[in-house]
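Accompanying notes for the structure given below.
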Amino acid sequence: MSFNASAKLWQKKDLLGIKDLSAQEIGLILETAESFKEISTREIKKVPTLRGKTVVTLFYEASTRTRTSFEIAAKRLSADTINISVSTSSVVKGETLLDTALNLQAMEPDILILRHNASGAPNMLAKALRASVINAGDGFREHPTQALLDMMTVREKKGDLRGLLLAIVGDIAHSRVARSNIYGFTKMGARVRVVAPPTLIPRGIESLGVEVCHHLLEGIRGADVVMALRIQKERLQGAFFPSEREYSRFFGLSRRVLEQAAPEALVMHPGPMNRGVEISPDVADGPFSVILDQVTNGVAVRMAVLYLLAGGIRGEDLH
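For the sequence shown, my numbering gives the first residue as 493, with consecutive numbering after it.
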């Protein structure tokens, strides 16, 4: 795609969710990410594309992969990066999210990356700030860059998303990753099936165009991609299942269970994993696992998102 065509396609100031994107916009991000991936294999892993731009990460929840991935992505594009730890900021003195963001805005950053436990927090900041806002995960709502790196990984391995069957297994009710992947994969022509006990599937999720299954073997039968989700212990209040042992017995991914999926089905997990609970170690580390490929592609996807939001499609050389 030419820069002129890309410029017409990408007009967004912020990236708040996959629900807001068209299939063409998703395709543009994936194509841009594929062009950036090679940079991470070079001996000198850095290009001057975002030199002079300032990127701030503001995470109200713990994160290893997402935060590090965004920081590496920004640094590989030569942006100046500032990481704010909420535990050592004015937030602990009672400052609100909006006041914190407005004070940061006064220092003229170009992009603010926010993770927050309140659904819709990035949308609120996007309306209040001149800087671009990237949603790095909000409440139960969306985690758009995770879904984009998941789609990139499947497209890389399978060639095309159209016609594939993705089975998402686990805590659907509390998963922003599941929602973003449902929006993304269905927009790109794949079928999505969610698999979990009734207590972990939100009411009305069928309206998003997914199939619902409460039996693991039936749920992953014929699936081209099987994605296990973490049991989010920190979000579970009450008894959603009798015990981890029983959950693992009925909904844990094992080699025997995977025999029901399509031949050479991809195994995915957004991490962090509870080994021996939602996924067995031999599956997590097995020949069809692409879990570390997801992490690798996360850097390329976040480089692409930063590049597009910073106005990179105005004709500058990517490299």
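A virtual CB, placed ideally from N, CA and C, is assigned to each residue, including glycine.
Tell me whether residue i sits in a helix, a strand or coil according to DSSP, three-state version.
{"i": "S581", "result": "coil"}
{"i": "L784", "result": "helix"}
{"i": "D774", "result": "helix"}
{"i": "A620", "result": "helix"}
{"i": "R806", "result": "For R806, the predicted structure reports a pLDDT of 44, less than 50, and the residue's modelled location is therefore unreliable. The matter cannot be settled from this model."}
{"i": "M719", "result": "strand"}
{"i": "N609", "result": "coil"}
{"i": "R794", "result": "helix"}
{"i": "V669", "result": "helix"}
{"i": "D506", "result": "coil"}
{"i": "D642", "result": "helix"}
{"i": "I518", "result": "helix"}
{"i": "V749", "result": "helix"}
{"i": "L653", "result": "coil"}
{"i": "L513", "result": "coil"}
{"i": "E526", "result": "helix"}
{"i": "N766", "result": "coil"}
{"i": "R647", "result": "helix"}
{"i": "I626", "result": "strand"}
{"i": "I697", "result": "helix"}
{"i": "E710", "result": "helix"}
{"i": "R741", "result": "helix"}
{"i": "E736", "result": "helix"}
{"i": "I660", "result": "strand"}
Which residue wins for smallest C-alpha separation from residue i, given the options the options?
{"i": "V759", "options": "S746, V769, N766 and G768", "result": "S746"}
{"i": "Y833", "options": "F733, K545 and K511", "result": "Residue 833 is absent from the model: the chain starts at 493 and stops at 811."}
{"i": "R713", "options": "V684, R568, E736 and G696", "result": "V684"}
{"i": "R568", "options": "A554, L542 and G586", "result": "L542"}
{"i": "G651", "options": "K504, R741 and M680", "result": "M680"}
{"i": "T556", "options": "I723, A628 and A688", "result": "A628"}
{"i": "V718", "options": "V687, Y552, L621 and S699", "result": "V687"}
{"i": "E523", "options": "L501, L508 and D630", "result": "L501"}
{"i": "I674", "options": "P690, K649, E703 and P689", "result": "E703"}
{"i": "S672", "options": "K504, K505 and G509", "result": "G509"}
{"i": "M795", "options": "L550, Y552, L594 and T558", "result": "T558"}
{"i": "V548", "options": "F677, L507, V625 and L692", "result": "V625"}
{"i": "G711", "options": "I660, L641 and K538", "result": "I660"}
{"i": "H706", "options": "R722, R737, F743 and A598", "result": "F743"}
{"i": "A598", "options": "R607, A620, V584 and K585", "result": "A620"}
{"i": "E553", "options": "Y739, G586, R607 and N575", "result": "R607"}
{"i": "L708", "options": "P689, L721, R695 and R722", "result": "P689"}
{"i": "S772", "options": "A720, A753 and V793", "result": "A720"}
{"i": "L520", "options": "E770, S740 and L640", "result": "L640"}
{"i": "R748", "options": "V584, G778, L594 and F733", "result": "G778"}
{"i": "L658", "options": "F677, V775, L692 and H666", "result": "F677"}
{"i": "E738", "options": "E770, E756, A571 and A670", "result": "E770"}
{"i": "A566", "options": "I531, A670 and D774", "result": "I531"}
{"i": "A754", "options": "D630, A525 and F780", "result": "F780"}
{"i": "I564", "options": "G586, R767, V584 and V539", "result": "V539"}
{"i": "A665", "options": "A776, N575, I723 and S570", "result": "I723"}
Hey, is residue i's beta-carbon within less than 8 Å of any beta-carbon in chain D?
{"i": "S781", "result": "Reference to chain D is not applicable here, since this structure consists of a single protein chain."}
On the criterion of 16 or more Cβ atoms from any shown chain inside 10 Å, does residue i qualify as buried, or is it exposed?
{"i": "G662", "result": "buried"}
{"i": "Q638", "result": "buried"}
{"i": "D716", "result": "buried"}
{"i": "S581", "result": "exposed"}
{"i": "I536", "result": "exposed"}
{"i": "N609", "result": "exposed"}
{"i": "D812", "result": "Given that the chain is displayed from residue 493 to residue 811, the structure contains no residue 812 and the question cannot be resolved."}
{"i": "E698", "result": "exposed"}
{"i": "H761", "result": "buried"}
{"i": "T573", "result": "buried"}
{"i": "P764", "result": "exposed"}
{"i": "G655", "result": "exposed"}
{"i": "A668", "result": "As written in the sequence, residue 668 is Arg, which differs from the Ala given in the question. Answer is buried; the Cβ neighbour count reaches 16."}
{"i": "G790", "result": "buried"}
{"i": "L692", "result": "buried"}
{"i": "V793", "result": "buried"}
{"i": "L594", "result": "exposed"}
{"i": "S579", "result": "exposed"}
{"i": "D774", "result": "exposed"}
{"i": "V584", "result": "exposed"}
**Request:** Mind the definition here: the region 631–649 touches the region 766–786 only if three or more C-beta pairs lie below 8 Å; say whether that holds.
**Result:** In short, these stretches touch, since the Cβ pair count reaches three.
**Message:** Can you confirm whether the region 607–615 touches the region 628–637 when touching is taken to mean that 3 or more C-beta pairs between the two stretches lie within less than 8 Å?
**Reply:** Counting C-beta pairs closer than 8 Å gives three or more between the region 628–637 and the region 607–615, which meets the contact rule.
**Request:** Could you pull out every unbroken beta strand (DSSP E) segment of at least 3 residues lying fully inside the region 528–594, listed in chain order?
**Result:** Taking 3 residues as the shortest admissible run, the region 528–594 contains the following complete beta strand (DSSP E) segments, listed from N- to C-terminal end: 546–551 and 572–577.
**Asked** Three or more C-beta pairs closer than 8 Å, one from the region 512–520 and one from the region 582–600: is that the case here?
**Response** Contact fails: fewer than three Cβ-Cβ distances are below 8 Å.
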